[in-house]
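Below: the structure, in structure tokens.
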Amino acid sequence: MTFSAPLDNRVPATTASSAAAPTSECGRSRNDDATKTPFYGEVQRTLKNVFGLRDFRLYQLEAINAALSGKDVFILFPTGGGKSLCFQLPAVCEWETKGLTVVVSPLLSLIENQTHALKKRGVDVVTLDDPGAQRLRPGQSLPSLLYCTPERLDHSGKLQNILTSLDKAGQLSRFVIDEAHCISLWGMDFRESYKNLVQLRERYPKVPITALTATANPQTQDDVIKTLKISGCVRLTQPFNRPNLWYEVRRKNQKNQATLHQIITFIRTKHLHHTGVIYCSSREKCEILAQQLRDAGLSAKHYHAEIATEEKTQIQLEWQNDKCKIIVATIAFGMGIDKPDVRFVIHHGVPTSLDGYYQESGRAGRDGKPADCILFYAFKETIYLLKRIRDNEKATTEVKLHKEDGLRHMIAYCENDVDCRRVQVLNYFGQPITPEECGGCCDNCADNRDTYVQDVSEQARSTIRLATTLISTTTKPLTKTDLINKIHGQIKDNSEGGKATPKSKIERLVGRLLDERLLESQTYSIGPNTHAKVHVSAVTITFMGCS
1 MTFSAPLDNR VPATTASSAA APTSECGRSR NDDATKTPFY GEVQRTLKNV FGLRDFRLYQ
61 LEAINAALSG KDVFILFPTG GGKSLCFQLP AVCEWETKGL TVVVSPLLSL IENQTHALKK
121 RGVDVVTLDD PGAQRLRPGQ SLPSLLYCTP ERLDHSGKLQ NILTSLDKAG QLSRFVIDEA
181 HCISLWGMDF RESYKNLVQL RERYPKVPIT ALTATANPQT QDDVIKTLKI SGCVRLTQPF
241 NRPNLWYEVR RKNQKNQATL HQIITFIRTK HLHHTGVIYC SSREKCEILA QQLRDAGLSA
301 KHYHAEIATE EKTQIQLEWQ NDKCKIIVAT IAFGMGIDKP DVRFVIHHGV PTSLDGYYQE
361 SGRAGRDGKP ADCILFYAFK ETIYLLKRIR DNEKATTEVK LHKEDGLRHM IAYCENDVDC
421 RRVQVLNYFG QPITPEECGG CCDNCADNRD TYVQDVSEQA RSTIRLATTL ISTTTKPLTK
481 TDLINKIHGQ IKDNSEGGKA TPKSKIERLV GRLLDERLLE SQTYSIGPNT HAKVHVSAVT
541 ITFMGCS
């Protein structure tokens, strides 16, 4: 949107109560041309005999064909889209590309989960700490897959020597980079050790690379491909729309007990005997909420990074086996978890980006059956998140600005109580859809309110002028709430018969100005508490000139 254009503000004309979550199921398809390869027979037998499956999900076969043909591959499938099969099955096949497949994965727990599942299927897979790692040399009976962390690959001279010798012997089949968004500065989980994977193409120029992720907007996708030097890769993307998921944002009550009551009531009335995940922003909140749920008679346990490895494994197994119904966790929980029947994911606080929210909420309903994704939102919580981004001394200014953008998109999503939730998320990931394709599967669409587009450019200018005046004439910091209340009061005083513009409309306008950075938030501290004040940004001068 250019600042010289009218500032549109889509607002609801009427209000209505939310409808119940709809039911729908995911479909599957396959490109028949993908079956016309010399190795299709072996691929089909391996799918059935090793992995116990009868058919492929969308683009899995194309990814497998590309890998077996020795090509670089970039795979962007949503959570539950079946990414792992795209590299595990080719690694098992006895085709001419047969050799060692090296899988780089970010978490030891994720490596443990995948290697355990593969061993149960009879697949020859090792880590560097396994006795079977002794076979990692030319002339030996090589395992099909080697799993390692990026740090181990980067720092282990012994491993690098092994890979070099296998490469010279023509026994290094491919590199697989799981959670590849970690490579990009623009990815939500950037890691320094992932950035060093750029050396793979330099050290092993003839070894193909497969990169996989469930979370990458177009900018991140392009950055990953550029960093890994796989510009000629086969690029496969599944649709991100998950039609069986119900998306809803609920405003948090200022009283914590009210939010707790909503969560307990929601689980009791809709998901009493179902499994689910509740994400919290801190370890302490996880422990407190899990105890509160147990006190309410619900089956819940907390999970975070500070828990001993053995205990975390036990908690995860109990949840996987339905002995524990609810996991209350930080984002440390969930990556690589393959539990299809998760019926709800609740965010007790605001995620830092739409990337993170999509990935975490996407752990619900992987079986294609209806599932609920509920986010509890309070603007004041974003103030702490913003401060944490700006106070990170290890991050560059460029990275900080990018993370602020991510948080800004997340806030805009939460504040927008009109536009389809799916449209907002999928536009962000570069896969635009129409509201009709949502099928009433989010709170905004289900409200079924009439809407209209209104040019609020003049109201925006008035708001900015008022903010500038208030900031310059008082020493007290101007908060978002102060500004909204002041505007609401002035309109009410000047309105005929005292009929004021609805406060919700003013909140939406101020939120839009913050989203467009015509107004900005600046954090400040009073004692241990963090607050945010409104600041008039430099770019606003351009907008104010459009009179």
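FYI, the UniProt record's numbering numbers position 129 of the sequence shown as 129, with every residue one higher than the one before it.
Using N, Cα and C, we set each Cβ at its ideal position, and we do this for glycine too.
> From L236 to K533, what does the alpha carbon distance come to, in whole angstroms?
Replying inline: 44 Å
>> Closest to I264 by C-alpha separation, out of K158, I374, A169, V198, would be which residue?
In response: I374
> Using CA coordinates, which residue listed in S184, Q459, A371, I64 is at the minimum distance from L245?
Replying inline: A371
> Smallest Cα separation from A91: which of V123, I464, G349?
Replying inline: V123
>> Taking the beta strand (DSSP E) that S525 belongs to, which residues open and close that run?
In response: 519 to 526
> CA-CA distance, C26 and P239?
Replying inline: With a pLDDT of only 32 at C26, under the threshold of 50, the placement of this residue in the model should not be trusted, and no figure is reported.
> Taking the Cβ atom as the reference point for each residue, do R508 and N416 lie within a distance shorter than 9 Å?
Replying inline: yes
>> Which complete beta strand (DSSP E) runs does the region 332 to 382 hold, if anything under 3 residues is left out?
In response: 342 to 347, 371 to 377
>> If the criterion is Cβ atoms closer than 9 Å, does the pair Q359 and T530 meet it?
In response: no
> Who are the Cβ neighbours of T23 in its own chain at under 7 Å, not counting the five residues just before and after it?
Replying inline: Any reading at T23 is ruled out, since the residue's pLDDT is 31, under 50, leaving its predicted position unreliable.
> Where DSSP assigns a beta bridge to W246, which residues make up the other side?
Replying inline: D372
>> Taking only three categories from DSSP, how would you classify F74?
In response: strand
> Start and end of the beta strand (DSSP E) containing N529?
Replying inline: 529 to 536
> Taking 9 Å as the CB-CB limit, is T35 close to chain B?
Replying inline: The structure shown contains no chain B; it holds only a single protein chain.
> Based on the DSSP secondary-structure assignment, which residues constitute the bridge partners of G81?
Replying inline: In DSSP, G81 forms no bridge with anything.
> If we ignore side chains and look at the alpha-carbon of each, how far apart do M544 and N448 end up?
Replying inline: 35 Å
> Is K403 helix, strand or coil when you go by DSSP?
Replying inline: helix
>> Helix, strand or coil for E25? Go by DSSP, reduced to three states.
In response: Note that E25 scores 31 on pLDDT, short of 50, meaning its location in the model is unreliable; the coordinates nonetheless yield the value given after this. Residue state, collapsed to three classes: coil.
>> Closest to D296 by C-alpha separation, out of Q320, D322, L260, would be which residue?
In response: Going by the sequence as given, residue 296 is Ala instead of Asp. Ranking the options by Cα distance to A296, first place goes to L260.
>> Quick check on the burial criterion: 16 or more other C-beta atoms within 10 angstroms. Buried or exposed for R45?
In response: exposed
> Who are the near neighbours of L289 in its chain, counting only those whose CB is closer than 7 Å to its CB and skipping five residues on each side?
Replying inline: I278, C280, V328, H348
> V103 lies in the alpha helix (DSSP H); which residues open and close that run?
Replying inline: Here V103 belongs to no alpha helix (DSSP H); instead the beta strand (DSSP E) covers 100 to 104.
>> Can you look up I307 in the DSSP assignment and give me helix, strand or coil?
In response: coil
> Grouping DSSP H, G and I as helix and E and B as strand, with all else coil, what is C233?
Replying inline: coil
>> Taking its Cβ as the centre, do 16 or more other Cβ atoms sit within 10 Å of P243, making it buried, or is it exposed?
In response: buried
> Alpha carbon to alpha carbon, how far is H535 from A216?
Replying inline: 31 Å
> Using 8 Å as the Cβ pair cut-off and three pairs as the minimum, do the region 103 to 113 and the region 145 to 159 touch?
Replying inline: yes
> Q60 and L76 look like a contact to me (Cβ under 8 Å); what is the Cβ gap, rounded to whole Å?
Replying inline: The Cβ separation is near 13 Å, so there is no contact.
>> My output table needs one value for R422: the three-state DSSP class, helix, strand or coil.
In response: helix
> Who are the Cβ neighbours of H181 in its own chain at under 6 Å, not counting the five residues just before and after it?
Replying inline: G187, T213, T215, A216, T220
>> Here's the rule: buried if 16 or more other CB atoms are within 10 angstroms of the residue's CB, otherwise exposed. What is G52?
In response: exposed
> How far does the beta strand (DSSP E) with Y279 in it reach, from first residue to last?
Replying inline: 275 to 279
>> Can you tell me whether T540 is helix, strand or coil according to DSSP?
In response: helix
>> Given a cut-off of 9 Å on the beta-carbon distance, is the pair T210 and V73 in contact?
In response: yes
> Given V249, which residues of its chain have a CB within under 6 Å of its CB, disregarding the five upstream and five downstream residues?
Replying inline: L375, Y377, C414
>> Does S141 pass the burial test, meaning 16 or more other C-beta atoms within 10 Å, or should it be called exposed?
In response: exposed
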